[in-house]
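Undergrad: Chains as they are written, first to last, in this note's numbering: chain A, 2 to 308; chain B, 2 to 270.
Even for Gly, the Cβ is constructed at its ideal location relative to N, Cα and C.
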Amino acid sequence: MLGYALRRLVGLVPTLFVLVTLSFFVIRLAPGGPFDQEQSLTPAIRANLDAAYGLDQPLPVQYGRYLRGLVQGDLGPSLRFKDYRVDELIARGLPLSLTIGLAAAALAVVVGVWLGALAAWRPGSRVLRSLMGLSLLGVILPGFVVGPLLALVFGIYWPVFRIAGFEPGDPSFLVLPVITLALPVAAYVARLMRDSMSEVLRSNFIRTARAKGLGTRVVLWRHALRPALIPVVSYLGPAIAFVITGSLVVEAVFGLPGSGRYLVQGAIDRDYPLVMGMILVYGVVTLLCNLLADLLYGWLDPRVRPA
Amino acid sequence: MTPRIRVSLAVLVLLAAISLAAPSFTSWTHDAIDWQNQAVPPQVEAGHWLGTDRLGRDLFARGMQALRISLALGVLATLISVLIGVTWGAIAGFAGGRIDAAMMRFVDIVYALPYVFIVIILSTLLPRGSLAGLFLAIGAVGWLTMARIVRGQTLSLRKREFIQAAIASGVRVPGILWRHIVPNVLGTVIAYATLTIPQVILFESFLSFLGLGVQEPYASLGSLINEGAQEMESSPWMLLVPAGLLTAMLLAFNALGEGLRARLGPGDE
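1) Provide the residue span of the alpha helix (DSSP H) that contains L2 (chain A), from first to last.
2) My output table needs one value for T53 (chain B): the three-state DSSP class, helix, strand or coil.
3) Near R123 (chain A), what residues of its chain come up, given a Cβ to Cβ distance below 7 angstroms and the 5 sequence neighbours on each side ignored?
4) What are the residues that DSSP puts in a beta bridge with R86 (chain A)?
5) If you compare alpha carbons, which of B:A96, B:A103, B:P237, B:R58 is closest to L158 (chain B)?
6) Between the alpha carbons of L68 (chain B) and L21 (chain B), how many angstroms are there, rounded?
7) Going along the chain, which residues of the region 233-256 of chain B sit with their C-beta nearer than 7 angstroms to a C-beta in chain A?
8) State the Cα-Cα distance for the pair A109 (chain A) and D37 (chain A), rounded to the nearest angstrom.
9) Just the Cα atoms here: how many angstroms apart are L135 (chain B) and I28 (chain A)?
10) What residues of chain B sit near F36 (chain A), judged by a beta carbon separation below 7 angstroms?
11) Let me know the secondary structure DSSP gives I164 (chain A) once reduced to three states.
12) Specify the secondary structure class of D101 (chain B) as computed by DSSP and reduced to three states.
13) I want to see whether chain A comes within less than 9 angstroms of L265 (chain B), judged by CB atoms only; does it?
14) Shorter than 9 angstroms from the beta carbon of S221 (chain B) to some beta carbon of chain A?
15) Given a cut-off of 9 angstroms on the beta-carbon distance, is the pair M147 (chain B) and V190 (chain B) in contact?
16) Output the distance between the C-alpha atoms of T16 (chain A) and V72 (chain A), rounded to the nearest integer angstrom.
17) Figure out for me which residue from A:G214, A:R81, A:V21 has the closest Cα to the Cα of G70 (chain A).
18) Taking the C-alpha atoms as reference points, what is the distance between G140 (chain B) and F174 (chain A)?
19) Please tell me whether A253 (chain B) and L16 (chain B) are closer than 9 angstroms, where the distance is taken between their beta carbons.
20) For A191 (chain A), which option in A:A225, A:T100, A:V112 has the closest C-alpha, if you only look at C-alpha atoms?
21) Looking at the C-beta of P143 (chain A), does it have a partner C-beta in chain B at a distance below 9 angstroms?
22) For a cutoff of 9 angstroms on Cβ pairs, would you count A40 (chain B) as touching chain D?
23) Do you know offhand how far A210 (chain A)'s Cα is from H224 (chain A)'s?
24) Taking CB distances under 9 angstroms as the criterion, tell me whether L132 (chain B) reaches chain A.
25) Give the DSSP-derived three-state secondary structure of D270 (chain A) in the structure shown.
26) State the start and end residues of the unbroken alpha helix (DSSP H) segment that holds M194 (chain A).
27) Using a Cβ cut-off of 9 angstroms, which residues of the region 268-301 of chain A contact any Cβ in chain B, in chain order?
28) L213 (chain B) versus chain A: which residues are under 8 angstroms apart at the beta carbon?
29) Could you round the C-beta distance between L301 (chain A) and I207 (chain A) to whole angstroms and report it? I think they count as a contact, below 8 angstroms.
30) Which of helix, strand or coil does DSSP assign to R58 (chain B)?
31) How many Å lie between D272 (chain A) and V220 (chain A) at the Cα?
32) Only counting runs of 4 or more residues, tell me where the alpha helix (DSSP H) segments fall wholly within the region 166-220 of chain B, in order along the chain.
33) Are the C-beta of S206 (chain B) and some C-beta of chain A separated by less than 9 angstroms?
34) Just to confirm my understanding: we take L249 (chain A), look at its own chain, exclude 5 residues before and 5 after, and list those with CB closer than 6 angstroms. What are they?
35) Roughly how far, in whole angstroms, is the beta-carbon of L261 (chain B) from the beta-carbon of T195 (chain B), given that I think they are within contact range, below 8 angstroms?
36) Please classify R264 (chain B) as buried or exposed, where buried requires at least 16 neighbouring CB atoms within 10 angstroms.
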């Protein structure tokens, strides 16, 4: 198992390499450069700036330099945030982004699994049925619609949570962002869970467990949960990718100082190293989460475990 | 036609018709500023049925213009992704063997790359506000799932007798693909394409929300939502109007797609 995990980990390197190469050259194709906005620059100063950051070199040389830096763990300097290195900028925003993302993923899985399992256990319940119907809305509506609406209702009309003037350390700011981010995933997980759980509940070993006289709780959460979780786990990879990219939107909606804004601002400013750094960091997180989901899958379902 | 298909189709036709006809029955255009009525709520007197934004531009006119962009972009970008996806998937599935493995490996790698980042990078490539660029950027990434679905279907079609008969009677490969494979996967393709349209619309709105998509003076539902969210405390209609339009459109497209998928073909997802 450990050997398999390691092999899969090494397998990520080519994908990352393709990601870095592709994005490096594609960003450079874009018209404009990082120093265009500074009108007052004389050609000589421009040339000096370009030379200082190595932008006057041919592209393949710059690419080689970037890769060499990358291997040594150096993401390069930011071109627009003066005196900051890319890793410093990302390190400043990433903890908040990861907190929101992980909290949302955890909340979504717990709520989704619980709701879906109950909906399968009690298919007659009106409350559960209408909740599952509502979940369709949750799957379809994007965060940038749900977020502002939640902020309008719970921040302005009925001010339970604070939505402006972020202060680090006050969790009251994070509740609505986390809910916004978790909602579509929770809704999707609930639907997956309901379908797989109702199938599991019809199988023989569940009938046996009930016939032995085991209680509802034991049957549902100890016997049926594990096999029913399999489709949910195979959705976890895409879900986490969704949460990670979704945090971009949620941070913009709620004005949170996470790292998402660096990607968008960097892309607009042509801050090449910053965009590359963001793509790399978010890419690594996404791929690692996918890998973890795959490994978890093997743990849940012994049939797919590698020999 | 099931009721679900009928109702969602009716909603979509209605939305499209109103948005197309809007310029002929409102006195405001998407970029006309009414200096007397800035940030006013919905009202009949000045003809601002859905209110105005902070600059005094009519929200009905802007919303309908945004709807036209969303619908056009959704359909066109989906067509691009269908074209690429069906060609790629049919060739890979029909060729099989090493060609198939290489082509699908490529799809896998692009699939593993974070989709949002690719579109953001692609959208920076093009002059800001160029809609043609948005079409390409979104269409170029949207074909992956289509390619997978079509390849899967082609793989099983390839072994059927009528294809074997076509090969035996000397029909050339492009002829087989075009005459025999494509018509047989069309049902699934249409169903899935209907589900791709709302994703494309969502993506355009998402990019515009971030400021990377449709640019002023044109409006996108995404940029309208972004502006509305900043003013929602004093003027909630600025948020509710575009949010409502987007919600209605997304719901209708999803319902239509699901309905078609249930009727037209096996779902691969």
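TA: Working from what's here:
1) Sequence check: residue 2 (chain A) is Met here, not Leu. Note, M2 (chain A): premise wrong, no alpha helix (DSSP H); not H, not E.
2) strand
3) L129
4) A:P78
5) B:A96
6) 9 angstroms
7) M233, E234, P237, L240, A244, L247, T248, L251, L252, N255
8) 43 angstroms
9) 16 angstroms
10) By Cβ distance, chain B contributes nothing, its closest Cβ being about 16 angstroms from F36 (chain A), past 7 angstroms.
11) coil
12) helix
13) no
14) no
15) yes
16) 15 angstroms
17) A:V21
18) 37 angstroms
19) yes
20) A:V112
21) yes
22) Protein chains A and B are contained in the structure displayed, whereas chain D is not.
23) 8 angstroms
24) no
25) helix
26) 176-202
27) A268, I269, R271, V276, M279, I280, Y283, G284, T287, L288, N291
28) V265, A268, I269
29) Not quite, the Cβ-Cβ distance comes to about 17 angstroms (not below 8 angstroms), so this is no contact.
30) strand
31) 56 angstroms
32) 174-177, 183-211
33) yes
34) G261
35) 5 angstroms
36) exposed
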